[in-house]
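Below is one structure; the comments refer to it alone.
Numbering (the numbering used here), first residue to last: -19 to 108.
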């Protein structure tokens, strides 16, 4: 068995713990996410293919709220090199000392169309 597989496991664990720190400040996590997506060329308000847009009053635009599971899915809708770039940027923006994984063995790619666990703002109920 190779020694350099599953290097992502402890790193994803650290990322999840860092994301948990934003439990009461999801708007900051969302700001960081959009900043990263723009910097790595994976966000445009006119391009919906990466599914990073909400629908508010019938108009597509940036999310105003976001859950941590959907944030973690951002890592897994892209190819491995983009995942590494996303992690590198997240590390920089949160001052989190982690290594960049050398592999993503065992992580399935997430379908971008099903990557957000929150409904569109227009489709949410009062307690969602």
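Idealized CB from N, CA, C, for every residue including glycine. Model, not experiment: these values are computed from the prediction.
C-alpha gap between residue i and residue j, whole angstroms
i           : j           : result
residue 97  : residue 11  : 18 Å
residue -12 : residue 90  : 16 Å
residue 73  : residue 37  : 32 Å
residue 102 : residue 18  : 25 Å
residue 95  : residue 50  : 6 Å
residue 70  : residue -7  : 14 Å
residue 78  : residue -14 : 15 Å
residue -16 : residue 65  : 19 Å
residue 4   : residue 46  : 12 Å
residue 48  : residue 7   : 11 Å
residue 86  : residue 56  : 11 Å
residue 15  : residue 23  : 9 Å
residue 41  : residue 21  : 17 Å
residue 39  : residue 2   : 27 Å
residue 58  : residue 106 : 32 Å
Where residue i falls, given that 16 or more other Cβ within 10 Å makes a residue buried
i          : result
residue 0  : exposed
residue 54 : buried
residue 88 : exposed
residue 63 : buried
residue 80 : exposed
Residue i, enclosing alpha helix (DSSP H) - first and last residue
i          : result
residue 73 : 60 to 74
residue 3  : Note, residue 3: premise wrong, no alpha helix (DSSP H); not H, not E.
residue 92 : Per DSSP, residue 92 belongs to no alpha helix (DSSP H) and is neither H nor E.
residue 54 : 48 to 54
Per DSSP, the bridge partner or partners of residue i
i          : result
residue 40 : 35
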